[in-house]
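In our numbering, the protein residues as written are 173 to 526.
Idealized CB from N, CA, C, for every residue including glycine.
One structure below.
What follows is the structure, given as structure tokens:
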């Protein structure tokens with residue numbers, strides 16, 4: 173029985189990611205392995221025993237558990253598992269300190285991003301990268317949409333926060349021409365989106381409200397693989413998103429252009445008038461896709477294959493001077509964000525207490 177040290181958020185009381193990843197994956201791995209759970213921001217170091225595997229998410233703050241532990245000798249496998257999108261390098265530049273120490277990088281990302289890695293400053297990581305699509309537990313997100321609203325009266329909703337990759341200023345501009353409701357937390361400075369605040373979708377009353385909508389819309393500019401799209405599919409809503417939200421080339425997921433208000437509004441007007449039979453066809457396609465691919469059994473199977481593979485650690489090319497300078501600049505820029513400064517300060521306090 174392999175002992176796996178799993179570093180990922182894993183609060184079982186939450187059904188959304190990132191906690192759903194730690195809970196659903198850990199539950200499946202524990203059927204055949206010993207799994208030990210850790211918080212990803214813990215200021216500690218794991219020293220392995222023979223045969224141990226390190227699996228999980230590296231924190232952007234140095235001296236945290238994955239980054240400390242990956243350098244310890246004796247691991248059978250060291251597997252990085254983290255979101256990946258390269259449009260805004262501030263969010264992944266710190267991984268330049270991590271990927272060289274890992275046997276594989278299980279990149280939680282959408283098809284759009286993975287197919288374009290070779291054209292980015294991260295191209296040298298590609299030999300160690302494995303595309304890992306996210307998943308959804310359909311028991312937690314049961315079908316709610318059984319009848320679509322009439323043409324011209326269909327409703328759009330955005331679910332999430334207003335972090336930079338979500339591109340909420342663009343969504344607010346679209347909402348000037350097509351009413352869009354917003355479920356989630358964020359700034360009040362957006363004048364066209366109708367704010368509904370946070371809803372807990374573990375509660376039946378919150379899920380019932382979803383049935384009023386026909387489409388989920390998200391227009392991320394650098395969004396790796398948002399699970400809100402999969403959750404909406406499970407409920408029966410039709411997802412509408414930019415390719416830069418990670419999902420591209422799926423028949424039941426409608427793409428809108430990035431930062432092109434006129435083009436996006438044209439797509440939404442088309443969806444207002446499309447025949448209901450087409451909406452039902454997309455809905456059925458999406459439910460089949462969840463059952464065949466975007467599920468936790470497939471997710472866990474991919475991770476287990478990486479744990480037990482006998483393939484040696486692939487070589488990666490050292491970064492060029494221009495790549496190092498570019499990544500360094502973006503890493504420094506990331507720490508100018510207030511949220512990162514807050515995380516760094518909290519981590520320093522933890523270390524001092526330790």
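Shown here, residue 228 sits in a strand according to DSSP, grouped into three states.
Within the segment 403–486, the runs of beta strand (DSSP E) that reach at least 3 residues and sit entirely inside it are, in chain order, 410–413. With respect to residue 382, residue 455 sits apart: the two C-beta atoms are not nearer than 8 Å. Counting C-beta pairs with one atom in each stretch, the segment 352–361 and the segment 241–252 have fewer than three that are closer than 8 Å, which means they do not touch. Of the residues 394, 420, 353, 372, the one whose Cα lies closest to the Cα of residue 387 is 353.
In this structure residue 347 is buried. Its beta-carbon is surrounded by 16 or more other beta-carbon atoms within 10 angstroms. For residue 382, the enclosing alpha helix (DSSP H) has its first and last residue at 376–382. The beta carbon of residue 310 sits closer than 7 Å to the beta carbons of 406, 462 from its chain, once the five residues preceding and following it are set aside; these are given in chain order.
The beta-bridge partner set that DSSP reports for residue 353 consists of 329, 366. By the neighbour-count criterion, in which a residue is buried when 16 or more other Cβ atoms sit within 10 angstroms of its Cβ, residue 253 is buried. In terms of Cβ geometry, residue 330 and residue 419 do not form a close pair [threshold 8 Å].
For residue 207, the enclosing beta strand (DSSP E) covers residues 206–210. With respect to the C-alpha of residue 208, the residue from 192, 191, 464, 227 having the closest C-alpha is 227. Counting C-beta atoms within 10 angstroms of its own C-beta, residue 408 has 16 or more neighbours from the protein chains shown and is therefore classed as buried. For residue 252, the beta-bridge partners assigned by DSSP are 228, 277. Inside the segment 287–350, DSSP marks whole beta strand (DSSP E) runs of 3 or more residues at positions 301–304, 328–331, from first to last along the chain. Residue state for residue 236 is assigned as coil, using DSSP reduced to three classes. Cβ-Cβ distances below 7 Å link residue 308 to 399, 402, 403, 406, 462, 466 in the same chain, with the five nearest sequence neighbours on each side left out; the list follows chain order. Of the residues 216, 219, 470, 441, the one whose Cα lies closest to the Cα of residue 349 is 441. Taking 8 Å as the cut-off, the beta carbon of residue 391 is found closer than this to the beta carbon of residue 413.
A Cβ-Cβ separation of about 6 Å places residue 273 in contact with residue 250 under the 8 Å criterion. With respect to the 8 Å criterion, residue 198 and residue 182 are classified as neighbours on the basis of their beta carbons. Taking C-alpha positions only, residue 190 is separated from residue 180 by approximately 8 Å.
Taking a contact as a CB-CB distance under 8 Å, the pair residue 175 and residue 211 does not count as one, their CB atoms being some 18 Å apart. For residue 199, the uninterrupted alpha helix (DSSP H) segment begins and ends at 191–201. Counted as a single uninterrupted DSSP element, the beta strand (DSSP E) harbouring residue 390 occupies residues 387–390. Residue pairing by DSSP places residue 177 opposite 208, 226 in a beta bridge. Exclusion of the five residues before and after residue 437 leaves 346, 349, 350 as the residues of its chain whose Cβ lies within less than 8 Å of its Cβ. Excluding the 5 residues flanking it on each side, residue 255 has same chain C-beta neighbours closer than 6 Å at 280, 396, in chain order.
Between the alpha carbons of residue 389 and residue 338 lies a gap of roughly 11 Å. Of the residues 277, 318, 291, 323, the one whose Cα lies closest to the Cα of residue 301 is 277.
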